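Numbers in the working numbering are just positions in the sequence shown, counted from 1, shifted up by 58.
Just so you know, even glycine gets a beta-carbon here, dropped at the ideal spot from N, CA and C.
A quick note: this is a predicted structure, and the numbers were derived from the prediction, not measured.
First comes the structure, then the notes that go with it.
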Amino acid sequence: MDTDAYWRLISDSLDFGPGRIARQAFLQEQLAMLSASDIVAVGVHLDRASDRAYSWDLVGAAKRIFGGWLSDDSFEYFRRWLIGCGRGAFDMAVADPDSLSALPEVQRLAGRHFRTWNCDLEWPEWESLAYVAIDAYGRVTGEDECAGAFYAAVKAQLAGDNLARRPRGEYWDTSDDAASAARLPNLTAMFPPRALI
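Given below as structure tokens:
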């Protein structure tokens, strides 16, 4: 599976259903029809895309959307959600994180406390996107406990890649409203500081 085929798969899942649960079921069925090596390639493409989105400016964008708090895991799941938004939205956000303000998925969240967001339809995280390929790999290989083998195969294919160990770009204090307004003017206007996190 090449990069274009991976992004077509993500795009097809967007057409299949509005929520992550429905999209995940679609992806599991599609991946289960692939070879084990193609399923591993899906994991490789996910890791490479997630790595492309590993930047301080996207950390700031995610923190702004979430009201100021963001763990390392939450940022990883946010990047998977961004991948799930499709190639066009993903590429725009990587190039200009403030472009997230134009996404309908983000616009729907503005002015609302995150406690009111629908977990399946609105929450800008998709932790389980990484597990879809593992489940399909187990189905295709017949292995019940296949996560270790799957991750080892992905790691072997990524061996020549220089994946970032920390966010790229210049570090800035993402909790500083003035810095946020300078770097992310639209998101800062849409998501002002919240009194309650």
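Query	Result
Local conformation of S95 per DSSP, three classes	helix
Residues that DSSP places opposite R226 in a beta bridge	S113
Proximal residues to C204 (C-beta, below 7 Å), its chain only, five neighbours per side dropped	I192, Y195, G196
Cα-Cα separation between A94 and A210, rounded to whole angstroms	13 Å
Contact between the region 119 to 131 and the region 152 to 160 (3+ Cβ pairs under 8 Å)	yes
Three-state secondary structure (DSSP) of M248	helix
Option in G126, V98, V100, L216 with minimal Cα separation from S233	G126
Host alpha helix (DSSP H) of A160 (start-end)	That residue, A160, is in no alpha helix (DSSP H); it is neither H nor E in DSSP.
Contact under 8 Å by Cβ, Y135 with E185	yes
Cβ-based neighbour list, L128, same chain, cut-off 6 Å, excluding 5 preceding and 5 following	A120, K121
Exposure of C177, with buried meaning 16 or more beta-carbon neighbours within 10 Å	exposed
Top-ranked residue by Cα proximity to R223, from W65, S108, G144, L167	S108
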